[in-house]
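J.: In order, the protein sequence lines correspond to chains A and B. For the first sequence, the residue numbers in this note's numbering are -7 to 101. For the second sequence, the residue numbers in this note's numbering are 7 to 120. Take a look at the following structure, please.
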Amino acid sequence: GQQVMQIPQYQHVQEGEDFTTYCNSSTTLSNIQWYKQRPGGHPVFLIQLVKSGEVKKQKRLTFQFGEAKKNSSLHITATQTTDVGTYFCAGIRDYKLSFGAGTTVTVRA
Amino acid sequence: DVKVTQSSRYLVKRTGEKVFLECVQDMDHENMFWYRQDPGLGLRLIYFSYDVKMKEKGDIPEGYSVSREKKERFSLILESASTNQTSMYLCASSWGRAGVPEAFFGQGTRLTVV
Chain A
-7 GQQVMQIPQY
3 QHVQEGEDFT
13 TYCNSSTTLS
23 NIQWYKQRPG
33 GHPVFLIQLV
43 KSGEVKKQKR
53 LTFQFGEAKK
63 NSSLHITATQ
73 TTDVGTYFCA
83 GIRDYKLSFG
93 AGTTVTVRA
Chain B
7 DVKVTQSSRY
17 LVKRTGEKVF
27 LECVQDMDHE
37 NMFWYRQDPG
47 LGLRLIYFSY
57 DVKMKEKGDI
67 PEGYSVSREK
77 KERFSLILES
87 ASTNQTSMYL
97 CASSWGRAGV
107 PEAFFGQGTR
117 LTVV
C-alpha cells in the first residue's frame, strides 16, 4: 500500500519558537491534506494542496507541496500553547486517503 | 455542520465475540472510511466505500469486514474479536469522487478486547 512517512514523530517546542514537520510519500500524490488532532479529539481538516510547488498560509501555519508532489511540509511560526496536538498529513491516491503516523507537538510555556 | 456519529465512545468485548461498530453521517456523503489509530502508527485505513454496497480494502483489512446498505451508514464488523484489535476506531466521510475533498471524522470508538 501507499506509504506516507512523517518526521519527526515528536516535536517539543518552546513557546514562541518555530518548527517544521515533514511528510514524504513513496509515490506521486494527486494531492495532500493536513489534519490536526487535539488531545482526546478527532482529526480535523486544516488544508489541501493540489498543485506542484503550491504554498498556502493560514495565519502562523505555512503549508508547502513539493515540486514532484511526493513531499509536503508544515511550518508553524511563533508556536503557541493552542498548537498542541498531533498533525497528520494524508496522501490521496486512487481516492484512498492514507495518513502518515503524525507529528505530536508539545509546547513548553 | 457535518455530523459523523459513531454508535459508542467506549466498548469492551470478549475474545471471539462478533463486534459491530456503526457510523452514520448526515451530509449525504458518497465516501465513507474506517480507520484504526494506534500510538506511533497514525491512522491506518481498514476499508472504505465510495457508494452504497461498494467497498474497497484499505491497508489493513484482515480480520475485518464492512457493510454499507444505506448511503448514510457504514458498519465495521469484527467477525471474531481478538486482543490485537484493541484500538481506537475512527469513521470518516467525504463528498464524492469528483475532486478529493476533506474528510469529516466521528468522535471515535475505543474498543478493548479482553
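All residues carry an ideal CB built from backbone N, CA and C; glycine is no exception.
To the nearest angstrom, report how far apart Ala93 of chain A and Ser81 of chain B are at their CA atoms.
T.: Working through the first sequence from its first residue, we reach residue 93 of chain A at position 101. Working through the second sequence from its first residue, we reach residue 81 of chain B at position 75. If I take the Cα positions, the gap works out to 24 angstroms.
J.: By Cβ distance, which residues of its chain are closer than 8 angstroms to Glu62 of chain B, with the 5 residues on each side in sequence left out?
T.: Walking along the second sequence from the start, residue 62 of chain B turns up at place 56. So the list reads Tyr53, Phe54, Ser55, Tyr56, once near-sequence residues are dropped.
J.: Please name the residue or residues paired with Tyr87 of chain A in a DSSP beta bridge.
T.: For this step, residue 87 of chain A is matched to residue 95 along the first sequence. According to DSSP, Tyr87 of chain A bridges with nothing at all.
J.: So which residues on chain B does Gly94 of chain A lean against when the C-beta distance must stay under 7 angstroms?
T.: As a first step, residue 94 of chain A is located in the first sequence; it is residue number 102 there, counting from the start. The answer, in chain order, is Gly48.
J.: Determine whether the Cβ of Leu89 of chain A lies closer than 8 angstroms to any Cβ atom of chain B.
T.: Against the first sequence, residue 89 of chain A aligns to sequence position 97. Chain B, which has a Cβ nearer than 8 angstroms to the Cβ of Leu89 of chain A, makes this yes.
J.: If you reduce the DSSP assignment to three classes, tell me which class Asp75 of chain A lands in.
T.: Taking the first residue of the first sequence as position 1, residue 75 of chain A is located at position 83. Helix at Asp75 of chain A.
J.: Please tell me whether Gln113 of chain B has its Cβ less than 8 angstroms away from any Cβ of chain A.
T.: Counting from 1 along the second sequence, the entry for residue 113 of chain B is found at position 107. Yes, Gln113 of chain B counts as interfacial toward chain A.
J.: Terminal residues of the continuous beta strand (DSSP E) containing Gln3 of chain A?
T.: Translated into positions along the first sequence, residue 3 of chain A becomes position 11. Where Gln3 of chain A is concerned, the enclosing beta strand (DSSP E) stretches over 2 to 6.
J.: Do you know how far the Cα of Met(-3) of chain A is from the Cα of Arg52 of chain A?
T.: Start at 1 with the first residue of the first sequence, and residue 52 of chain A comes out as number 60. Start at 1 with the first residue of the first sequence, and residue -3 of chain A comes out as number 5. Each residue's alpha carbon lies about 23 angstroms from the other.
J.: Chain B beta carbons: is any one of them nearer than 8 angstroms to that of Val11 of chain A?
T.: As a first step, residue 11 of chain A is located in the first sequence; it is residue number 19 there, counting from the start. Rather than Val, the amino acid found at residue 11 of chain A in this sequence is Phe. Taking Cβ atoms only, chain B never reaches closer than 8 angstroms to Phe11 of chain A, which makes this a no.
J.: To which residues of the same chain is Leu49 of chain B closer than 7 angstroms at the C-beta, ignoring the five residues directly before and after it?
T.: Counted from its first residue, the second sequence places residue 49 of chain B at position 43. By the criterion of a C-beta distance shorter than 7 angstroms, Leu49 of chain B is surrounded in its chain by Tyr41, Gln43, Leu96, once the five residues flanking it on both sides are discounted.
J.: Go through its chain and collect everything with a Cβ distance to Lys19 of chain B's Cβ below 6 angstroms, but skip five positions before and after it.
T.: The residue labelled residue 19 of chain B in the question sits at position 13 within the second sequence. Cβ neighbours of Lys19 of chain B beyond the five flanking positions: Val25, Ala87, Val119.
J.: If I'm right that Lys61 of chain A touches Leu21 of chain A with Cβ under 8 angstroms, what's the distance once you round it to whole angstroms?
T.: For the purposes of this step, residue 61 of chain A is taken as residue 69 along the first sequence, with counting starting at 1. For the purposes of this step, residue 21 of chain A is taken as residue 29 along the first sequence, with counting starting at 1. Confirmed, Cβ separation roughly 5 angstroms.
J.: What are the boundary residues of the beta strand (DSSP E) that includes Val25 of chain B?
T.: Start at 1 with the first residue of the second sequence, and residue 25 of chain B comes out as number 19. 25 to 31 is the span of the beta strand (DSSP E), which, as asked, contains Val25 of chain B.
J.: Which term fits Arg15 of chain B, buried or exposed, when burial requires 16 or more other beta carbons within 10 angstroms of its beta carbon?
T.: Counting from 1 along the second sequence, the entry for residue 15 of chain B is found at position 9. By the neighbour-count rule (16 or more Cβ atoms within 10 Å), Arg15 of chain B is not buried but exposed.
J.: By the criterion of Cβ-Cβ separation under 7 angstroms, what are the contact partners of Tyr56 of chain B in chain A?
T.: For the purposes of this step, residue 56 of chain B is identified with residue 50 of the second sequence, where counting begins at 1. Residues of chain A with a Cβ closer than 7 angstroms to the Cβ of Tyr56 of chain B are, in chain order, Tyr87.
J.: Assign Thr73 of chain A to buried or exposed, taking buried as 16 or more other Cβ atoms, counted over all protein chains shown, within 10 Å of its Cβ.
T.: Sequence index remark: in the first sequence, residue 73 of chain A carries index 81 (1-based). Exposed, because fewer than 16 other Cβ atoms sit within 10 Å of the Cβ of Thr73 of chain A.
J.: Answer yes or no: does any C-beta atom of chain A fall closer than 8 angstroms to that of Asp32 of chain B?
T.: By one-based count along the second sequence, residue 32 of chain B stands at place 26. It does not: the Cβ of Asp32 of chain B has no partner Cβ on chain A nearer than 8 angstroms.
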